[in-house]
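One point on numbering: in the working numbering, the residue at position 409 of the sequence shown is 404, and numbering is uninterrupted. The structure appears right after this line, and notes come after that.
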Amino acid sequence: MTISYTLKVANSRFGGFSKLLFRWKGSIYKLLYKEFIVFVALYALLSLVYRWLLTKEQKRLYTKVAQYCNRSTDLIPMSFVLGFYVTLIVNRWWAQYTSIPLPDQLMCVISSNVHGKDERGRILRRTLIRYANLSAVLILRSVSTRVLKRFPTMDHVVEAGFMTQDECKKFESLHSDFNKYWIPCVWFTNLAAQARRDGRIRDDVALRLLMDELNLYRAKCSMLFHYDWISIPLVYTQVVTIAVYSFFAFCLIGRQFLEPLEPGQEGDLDMYVPLSTLLQFFFYAGWLKVRHGQWDLCPAGPQPCSCPRRSLSKIHSHARKQGCTLSLHPCPSLCLLPTAGSATPQGTLSSLTPLLRPSPPRKPPLSPAFATARCPCSPWMTCTRTCPPPPLQGSNSTSRLVPPRAQLQ
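Here is the structure:
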């Protein structure tokens, strides 16, 4: 994910967003400063050569070349090329982020549908979520350099508690040319089927819900694998890169200060520093560096703007240890909270008096000829009945609020 800065602009005050321009971590300055320095150095070198080393005839020839290069910059559709490419890059980057498998939803389904408060039930739930987390760790190892550094070998995965030694031997005994992240999903389905036969899962509907959530979880792992496997076509990248670099190569020559060809001819203002050209380089090259920042091919790469996959592995580890154990704890007891207008239990009791009072006897229904439809706004209308006063605040029970059954009849 990108560097978070929302807390810095939480208040809409004067100069709030201006502070973001001076941030270095995750900024465009950090990505672009090397290329920017090279461009400024080359521009200054050509300017010095033109001003001090060229003769008049050479300056005339250079003026014609510079005018040609300046006209050529208008022929390169930079806005169209970069707009199309950056839109493709950002959409792909966000799609990869939404494909990251998170264990929360699957953990809730396991906790609510796999029953048993004994030791076997607890181990069963933890094993199911461990298999799901193992599948995510295996796929993250193949797409993220950070996770691969955290788990360089399968022994590190075993030490982290995502799989046992026997499971590691079975996993390595199955040979495949592709990523074997799907093997823990197969173990998950076999264990869930065994839990259904043992009565840990009460019916087929609960088993179907569990399998559907697992399929969604596995589909996200598969999408990450395919995003890492199939990149954006190289032709797109080459076209955009050549367009940007050729554009600024023409700008180096065509945006120089040119002396007038005739002695009495009025020339352009000598600014020494081409502000508009530098801003143009900052914008166009900055958009190109968005792509080179590996937002498209590797959002989990070593850049500071990449997704924190090591934190994701910690999330999976925490869910494996604590998530499915919550079903062993009893739910909090149900209680009635005080209303907004009463901060004490007595005030709450008095506010419930109209609700606990018996309703008046119903009138016989009208004949069909005189029947009228009930207003749909009647539940929100103000009651016009005269109600008896509420009970004394010194009462210790709510039995006075509920009349005897004979009175209700």
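For every residue, glycine included, the Cβ atom is placed at its ideal position computed from N, Cα and C. Source: prediction; values computed, not measured.
Look up residue i in the DSSP assignment and say whether it is helix, strand or coil.
{"i": "Arg8", "result": "coil"}
{"i": "Val33", "result": "helix"}
{"i": "Trp47", "result": "helix"}
{"i": "Pro340", "result": "Residue confidence is low: Pro340 scores 46 on pLDDT, short of 50, so the model does not pin down where it sits. No coordinate-derived value is stated."}
{"i": "Glu261", "result": "coil"}
{"i": "Phe245", "result": "helix"}
{"i": "Ile237", "result": "helix"}
{"i": "Lys14", "result": "helix"}
{"i": "Leu56", "result": "helix"}
{"i": "Leu256", "result": "coil"}
{"i": "Leu41", "result": "helix"}
{"i": "Lys175", "result": "coil"}
{"i": "Gln62", "result": "helix"}
{"i": "Tyr231", "result": "helix"}
{"i": "Ser22", "result": "coil"}
{"i": "Leu27", "result": "helix"}
{"i": "Leu169", "result": "coil"}
{"i": "Leu70", "result": "helix"}
With 9 Å as the threshold, decide whether the Cβ of residue i is near any Cβ in chain C.
{"i": "Ser42", "result": "Absent from the structure is chain C; it holds one protein chain and no more."}
Where does the unbroken alpha helix (DSSP H) through residue i begin, and where does it stop?
{"i": "Phe183", "result": "Ile178 to Arg192"}
{"i": "Tyr92", "result": "Met73 to Thr93"}
{"i": "Lys3", "result": "No alpha helix (DSSP H) holds Lys3; DSSP gives it neither H nor E."}
{"i": "Leu273", "result": "Leu270 to Val285"}
{"i": "Ser217", "result": "Asp199 to Trp224"}
Give the single residue among the options whose Cα lies nearest to the Cα of residue i.
{"i": "Ser241", "options": "Ile71, Glu162, Leu48 and Leu211", "result": "Ile71"}
{"i": "Thr93", "options": "Tyr222, Lys284, Phe276 and Tyr279", "result": "Tyr222"}
{"i": "Arg136", "options": "Ala127, Tyr126 and Thr148", "result": "Thr148"}
{"i": "Thr58", "options": "Ser139, Leu41, Asp69 and Gly116", "result": "Leu41"}
{"i": "Pro250", "options": "Thr232, Pro258 and Ser271", "result": "It should be noted that the sequence gives Arg, not Pro, for residue 250. Of the listed residues, the one whose Cα sits closest to Arg250 is Ser271."}
{"i": "Arg197", "options": "Asn108, Leu37, Ser67 and Gln100", "result": "Asn108"}
{"i": "Arg66", "options": "Tyr28, Glu254 and Cys246", "result": "Cys246"}
{"i": "Met158", "options": "Val85, Phe183 and Gly10", "result": "Phe183"}
{"i": "Val132", "options": "Thr122, Phe146, Phe276 and Arg121", "result": "Phe146"}
{"i": "Val44", "options": "Gly78, Gln260 and Ile248", "result": "Ile248"}
{"i": "Tyr80", "options": "Asp69, Val239 and Ala244", "result": "Val239"}
{"i": "Trp88", "options": "Pro258, Val235, Ile227 and Leu256", "result": "Ile227"}
{"i": "Cys103", "options": "Ala90, Lys112, Arg120 and Gln260", "result": "Arg120"}
{"i": "Leu273", "options": "Val85, Gly262, Leu219 and Phe243", "result": "Phe243"}
{"i": "Tyr126", "options": "Lys144, His110, Val152 and Val234", "result": "Val152"}
{"i": "Phe278", "options": "Leu2, Phe31 and Leu256", "result": "Phe31"}
{"i": "Phe75", "options": "Pro258, Glu261 and Val235", "result": "Val235"}
{"i": "Leu229", "options": "Ser7, Ile84, Gln62 and Glu154", "result": "Ile84"}
{"i": "Asp193", "options": "Ile(-2), Phe9, Arg115 and Gln275", "result": "Arg115"}
{"i": "Asn210", "options": "Asp199, Trp177 and Gln233", "result": "Trp177"}
{"i": "Leu97", "options": "Cys216, Val285 and Leu256", "result": "Cys216"}
{"i": "Leu49", "options": "Met266, Glu261 and Leu253", "result": "Leu253"}
{"i": "Pro255", "options": "Ile225, Arg55, Asn6 and Met73", "result": "Arg55"}
Measure how close the beta-carbons of residue i and residue j come, nearest whole angstrom, since I'm counting them as under 8 Å.
{"i": "Arg191", "j": "Leu202", "result": "5 Å"}
{"i": "Ile105", "j": "Ile124", "result": "6 Å"}
{"i": "Asn174", "j": "Ile134", "result": "6 Å"}
{"i": "Ala187", "j": "Leu205", "result": "6 Å"}
{"i": "Leu27", "j": "Ala280", "result": "6 Å"}
{"i": "Pro179", "j": "Ser130", "result": "4 Å"}
{"i": "Tyr0", "j": "Leu15", "result": "6 Å"}
{"i": "Leu101", "j": "Glu167", "result": "Actually they are not in contact, since the Cβ atoms of Leu101 and Glu167 sit about 26 Å apart, beyond 8 Å."}
If you scan the stretch 100 to 165 from start to end, which runs of the alpha helix (DSSP H) of 4 or more residues do you find wholly inside it? Here the runs fully enclosed are 114 to 138, 140 to 145 and 149 to 154.
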